[in-house]
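> Taken in order, these protein sequences are the chains called R and H. Each residue of the first sequence is one higher than the one before, counting from 1 in the numbering used here. Each residue of the second sequence is one higher than the one before, counting from 1001 in the numbering used here. Here it is, the structure in full.
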Amino acid sequence: MINLLRFLYDKRNFLFFVLLEVLCGWLIFTFNKYQGAFYFNSSNAVVGNVLSANRNFTSYFDLQDQNDKLVLENVALRTLLEQEKKQRKIEPMTVADSARKAAFDFIPARVVKNSLTDTKNFITIDKGSADGLMPHMGLIGPQGLVGEIKYCSEHYSTGFSILHVKNGLSAKLSRSGAIGSVEWDGVDARFAKLNYIGRHYFIQPGDTVVTSGFNAVFPAGLPIGVVEKVNDDNQSFYNIKVRLATDFGSLDHVYVIRSKAKPEIDSLEVKLDKPKK
Amino acid sequence: MGPAQIIRYIAHVFILLFMQLFLFRDTALLGYAYIFVHIGAILLLPTDTTPILSMIIAFCLGFLIDMFYDTIGLHAAACVLIAFIRPRVVGLFSVQGELNSMPEYNVESGGALWFFQFALVSSFVYCSLLFILESTSITIFFYSLLKIIASSLVTALFLTMYSYLWASRSKRR
């Protein structure tokens, strides 16, 4: 017994090392799978405050750039508004239909933390549950799609960006209508892959990739990116490289999409999933 | 470990963490070379720190870094590993002075080349563990390997520069 205790005492450094590493391994496997269910992430109040102080300071450096982007977006929105007005004039019939009401509204937010360098990148914004945010809301930027919220604290939220290897996103090629899935391979923050597009479609570089609207998180037709390269290597699906619309390196302003239809759609899908008695 | 040395070490922790979290958090030179200067806070621990205490400090440091990177456990695991192998790595290379009499493993006490080699091996181990745990598939293996080599070189260079600045500061006095 004494010998055993002495042995353990002699090896205490190594045993303590193994203990700590096991603890780390447990942390990695438990908390990285269920990102939503824990406290120690960058949307926690202390880390969030530090990051937003940091962001407040650094945001002055790219003020001009951000302003230019917002102006461009305003121009695009104004053109859309005018087009809409014209169409209304041609078609003055008003329909009292709840389906015609806007199904989505938008909450502006600012990015306090955004990483490009990991294989699983998260984005933290300065709005939280106090502003009406909830997990599984979509995030878009001025240029296109950004990601999806996973966890909200009172004043901050953390979400996946598209730059997360485990996060697939339903997408559509706007010209051919082909439906696929945009996934990131963990290498270059400017490009992603578009998978599951059958070879019977005709795809060429320059085709735009938009959201399909299948998941009620994002409205249909939001820009995701542009096809950069198509590889046809005799497999059942094309190998398509997509240049992402959003420049994640200089992301500052984002909008959270609140879907009014989502609770309804979700409750329908829950009914489908329930086994019949 | 005297009070002056503890203050000096606390200064290391604050400076290195500040640099890591606010300057180098998302830095990737050429898209490959990441900088992890916070491991300096483990390498520069006073030499008479007991292994268990140094592993506890390393774990806390790694955990703090993880909270900012949203990678709970990943940096902590790598930090604990380099804290554990630190006493073995310092002996690997020829050194100017006596290892046992050094108050801190740095450029001043062991020479710039020795410290660079020490930092390089440590950061190589650190980056290897980090990027291998992080990479999800074998297809990006060579990309990960490139990241490991580039990042450990840049990190070691940076830490040697950091330690050199401290050395020249104390020489002036």
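Just so it is clear, CB atoms sit at the ideal spot from N, CA and C, and this is done for glycine as well. Being a predicted model, the structure only gives us computed values, none of them experimental.
Helix, strand or coil, according to DSSP, for R/E269 in the structure here?
Here the question's residue 269 of chain R lines up with position 269 in the first sequence. R/E269 falls in the helix class under three-state DSSP.
> Check for me: the alpha helix (DSSP H) holding R/G25 runs from which residue to which?
Sequence index remark: in the first sequence, residue 25 of chain R carries index 25 (1-based). Here the alpha helix (DSSP H) through R/G25 covers R12 to F31.
> Using 10 angstroms around the beta-carbon of H/I1007, count the other beta-carbons present and answer buried if the total reaches 16, otherwise exposed.
In the second sequence, residue 1007 of chain H corresponds to position 7, counting from 1. That one is exposed.
> To the nearest angstrom, how far is the alpha carbon of H/S1123 from that of H/F1022?
Residue 1123 of chain H sits at position 123 when you count from the first residue of the second sequence. Residue 1022 of chain H sits at position 22 when you count from the first residue of the second sequence. Straight-line Cα distance between these residues: approximately 20 angstroms.
> With a floor of 3 residues, list each beta strand (DSSP E) that falls wholly inside the region 169 to 246 of chain R, ordered by position along the chain.
Those beta strand (DSSP E) runs which fall completely within the region 169 to 246 of chain R and span 3+ residues are 169 to 173, 179 to 183, 191 to 195, 208 to 211, 223 to 231 and 239 to 244.
> Helix, strand or coil for H/I1052, going by three-state DSSP, please let me know.
Along the second sequence, one-based indexing puts residue 1052 of chain H at 52. Looking at H/I1052 - three-state DSSP - the assignment turns out to be helix.
> As a quick exercise: from H/L1159, H/I1149 and H/Y1164, pick the residue whose alpha carbon is nearest that of H/L1030.
Taking the second sequence and counting its residues from 1, the one referred to as residue 1030 of chain H is at position 30. It is H/I1149.
> Along the alpha helix (DSSP H) that carries H/F1014, what are the first and last residues, could you check?
For the purposes of this step, residue 1014 of chain H is taken as the residue at position 14 of the second sequence. From DSSP, the alpha helix (DSSP H) with H/F1014 extends over P1003 to F1018.
> If distances are taken between C-alpha atoms only, which option among R/S176, R/H253, R/E84 and R/A109 comes closest to R/S157?
Taking the first sequence and counting its residues from 1, the one referred to as residue 157 of chain R is at position 157. Nearest option by C-alpha distance: R/A109.
> Suppose you measure from the CA of H/A1078 to the CA of R/S267; what does that come to, to the nearest Å?
The count along the second sequence starts at 1 and reaches residue 1078 of chain H at position 78. The count along the first sequence starts at 1 and reaches residue 267 of chain R at position 267. The alpha-carbon atoms of H/A1078 and R/S267 are separated by roughly 43 angstroms.
> Here's a check: name, in chain order, each residue in its chain whose Cβ is nearer than 6 angstroms to the Cβ of R/D105, leaving out the five neighbours to either side.
Mapped onto the first sequence, residue 105 of chain R falls at position 105. Contacts found: R258.
> In the DSSP output, what is H/Y1143 paired with across the bridge?
One-based indexing of the second sequence puts residue 1143 of chain H at position 143. DSSP output for H/Y1143 lists no bridge partner at all.
> Can you name the residues that DSSP bridges to H/Y1069?
Here residue 1069 of chain H is taken as the residue at index 69 of the second sequence, counted from 1. None; H/Y1069 has no bridge partner.
> Could you compute how far the alpha carbon of R/N54 sits from the alpha carbon of R/V47?
Counted from its first residue, the first sequence places residue 54 of chain R at position 54. Counted from its first residue, the first sequence places residue 47 of chain R at position 47. Spanning the two alpha carbons is a distance of roughly 11 angstroms.
> Run the CB neighbour count on H/G1002, radius 10 Å, all protein chains shown included, and call it buried at 16 or more, exposed below.
Mapped onto the second sequence, residue 1002 of chain H falls at position 2. By the neighbour-count rule (16 or more Cβ atoms within 10 Å), H/G1002 is not buried but exposed.
> I'd like to confirm the pairing. Which residues does DSSP put opposite R/P108 in its beta bridges?
Start at 1 with the first residue of the first sequence, and residue 108 of chain R comes out as number 108. R/Y255, per the DSSP bridge assignment.
> What would DSSP say about R/T94, mapped onto helix, strand or coil?
The residue you call residue 94 of chain R lines up with position 94 of the first sequence. No answer about R/T94 holds up, because its pLDDT of 49 lies below 50 and its placement is not dependable.
> Strictly under 8 angstroms for the Cβ-Cβ distance: is R/Y34 near chain H by that measure?
Within the first sequence, residue 34 of chain R is the residue found at index 34, counting from 1. Because R/Y34 sits at a pLDDT of 49, beneath the cut-off of 50, its placement in the model cannot be relied upon, and the following sentence gives the value as read from the coordinates. False, the Cβ-Cβ gap to chain H never drops below 8 angstroms.
> For H/N1194, count neighbouring C-beta atoms within 10 Å of its own C-beta (all shown protein chains included) and say buried if the count is 16 or more, exposed if not.
Outside the displayed range of chain H (1001 to 1173) lies residue 1194 of chain H, so it cannot be described from this structure.
> Any C-beta of chain R sitting closer than 8 angstroms to the C-beta of H/M1019?
Here the question's residue 1019 of chain H lines up with position 19 in the second sequence. Chain R, which has no Cβ nearer than 8 angstroms to the Cβ of H/M1019, makes this no.
> Determine the direct distance from the alpha carbon of R/V242 to that of R/N195, and round the result to whole angstroms.
By 1-based counting over the first sequence, the position of residue 195 of chain R is 195. By 1-based counting over the first sequence, the position of residue 242 of chain R is 242. Distance between the alpha carbons of R/N195 and R/V242: 10 angstroms.
> Taking CB distances under 8 angstroms as the criterion, tell me whether R/I28 reaches chain H.
Locating residue 28 of chain R in the first sequence gives position 28, where the first residue counts as 1. Judged by the 8 angstroms Cβ criterion, R/I28 is in contact with chain H.
> Distance check for R/V230 and H/A1156, CA to CA, integer angstroms please.
Taking the second sequence and counting its residues from 1, the one referred to as residue 1156 of chain H is at position 156. Taking the first sequence and counting its residues from 1, the one referred to as residue 230 of chain R is at position 230. Those two C-alpha atoms are separated by around 40 angstroms.
> For R/T117, which three-state DSSP category applies?
As a working mapping, residue 117 of chain R is identified with position 117 in the first sequence. Of the three classes helix, strand and coil, the one that applies to R/T117 here is coil, per DSSP.
> Pull up the CB-CB distance for R/V209 and R/G225, whole angstroms please, since I reckon it's below 8 angstroms.
Here residue 209 of chain R refers to the residue found at position 209 when the first sequence is read from its first residue. Here residue 225 of chain R refers to the residue found at position 225 when the first sequence is read from its first residue. The pair is a contact, with the Cβ atoms about 5 angstroms apart (cut-off 8 angstroms).
> In angstroms, rounded to a whole number, what distance separates the CA positions of H/A1004 and H/L1159?
Numbered from 1 along the second sequence, position 4 holds the residue referred to as residue 1004 of chain H. Numbered from 1 along the second sequence, position 159 holds the residue referred to as residue 1159 of chain H. Cα to Cα, the separation comes out at about 21 angstroms.
> Interface residues of chain H around R/T246 at Cβ under 7 angstroms?
For this step, residue 246 of chain R is matched to residue 246 along the first sequence. Within 7 angstroms Cβ-Cβ: nothing; R/T246 doesn't reach chain H, min ~16 angstroms.
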